[in-house]
Amino acid sequence: MANVIPPRSGTAFTLARGQRLTVIDPCGEQVADLVAFRADDIDEVISSGRTIDYASRIFLTTGDPLYSNRSNVLLEIVEDTVGRHDFLLTPCSADTFRIIYGDKEPHRGCFGNLAHALKPYGIPPDRIPVAFNVFMNVEVDGSSGAIAVRPPLSRAGDRIVFEAKLDLIIGLTACSALQSNNHAFKPIHYEISS
Ligand SMILES: [Zn+2]
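Each residue of the sequence shown is one higher than the one before, starting from 1 at the first, in the UniProt record's numbering.
Here's what the structure looks like:
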């Protein structure tokens, strides 16, 4: 039975080496921000820069490892029914909504939700890295580098499966940004299996 992350919220949990995390989009067009820290040393964390560097690609899918800042593999994507995710953009935050959307009383966003969920694990907000943005569809113009956030390609029931390569602390959200989710906030489901 799947665990449910309600719309515009987040959670954190441990994932042991060898366990698999399945992230499911139950309704379609919903992004989930994922961060991962090494459980026994939170100074080690997923690294967008290293992962993209070693993959020589910005779009990652089945078979791609997610590296840490110390170049260890923390997670590997072992199944992916969508094939489009983002690993460039930082979690949406109150500042995102203030700066990009002009909100006067902004929601705390994925960043605030992750900070809240990771606090019991002793992880302060400033340690939160660029997230692996599951199902986020960021279009990149190859010559100018211009980016545009498009509706996710995920449909109801689509999933991505990660395998932990070390003992990890995972932060996971149902994203709170209008643009990223085609202007509708939906839940995210996840399952952990060994
Ligand atoms: Zn978000």
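Ideal placement from N, C-alpha and C gives every residue a C-beta, glycine not left out.
- Message: Per DSSP, what are the beta-bridge partners of GLY83 in this structure?
- Response: GLY83 pairs with nothing; no bridge assigned.
- Item | Assigned secondary structure, PHE59 (DSSP; H/G/I helix, E/B strand, else coil) | PHE59 falls in the coil class under three-state DSSP.
- Message: Using 9 Å as the threshold, is the C-beta distance between THR81 and ARG159 below it?
- Response: Between THR81 and ARG159, the C-beta gap is smaller than 9 Å, which places the two residues in contact.
- Item | Under the three-state DSSP convention, the category ILE11 falls into | Checking the displayed sequence, the identity of residue 11 turns out to be Thr instead of Ile. In the structure shown, THR11 sits in a strand (DSSP, three-state: E or B).
- Sort out for me which residues DSSP pairs SER68 with in a bridge. ILE46.
- Task: Examine ligand 1 and report whether any of its heavy atoms sits within less than 8 Å of the Cβ of SER171.
- Result: It is worth fixing the name first, because residue 171 is Gly in this sequence and not Ser. No; taking the cut-off as 8 Å, the Cβ of GLY171 has no heavy atom of ligand 1 nearer than that.
- Query: What's the gap between the Cα of ILE52 and the Cα of SER93?
  - Reply: C-alpha of ILE52 to C-alpha of SER93: approximately 23 Å in a straight line.
- Cβ-based neighbour list, ILE128, same chain, cut-off 8 Å, excluding 5 preceding and 5 following: Taken in chain order, the residues that qualify are VAL35, PRO91, PHE111, LEU114, ALA115, LEU118 and GLY171.
- Task: Given a cut-off of 9 Å, decide if LEU21 and LEU60 are closer than it, judged by their beta-carbon atoms.
- Result: Contact check for LEU60 against LEU21 fails: the beta carbons are separated by 9 Å or more.
- Item | Euclidean distance between Cα positions of THR157 and ALA184 | A small fix is needed here, since residue 157 is Gly in this sequence, not Thr. Spanning the two alpha carbons is a distance of roughly 17 Å.
- Task: For CYS175, verify whether its CB is less than 8 Å away from any heavy atom of ligand 1.
- Result: Result yes, Cβ under 8 Å from ligand 1.
- Task: Report the partner residues of GLU76 according to the DSSP bridge assignment.
- Result: Per DSSP, PRO65 and GLU163.
- Task: Can you grab the Cα-Cα spacing for the pair GLU191 / VAL161, in whole Å?
- Result: Straight-line spacing of the CA atoms in GLU191 and VAL161 works out to 9 Å.
- Output the distance between the C-alpha atoms of ILE24 and ARG17, rounded to the nearest integer angstrom. Rounded to the nearest whole angstrom, the C-alpha separation of ILE24 and ARG17 is 21 Å.
- Query: Should VAL110 be counted as a contact of ligand 1 given a C-beta to heavy atom distance under 8 Å?
  - Reply: Reading off the sequence, residue 110 comes out as Cys, not Val. Yes, ligand 1 has a heavy atom inside 8 Å of this Cβ.
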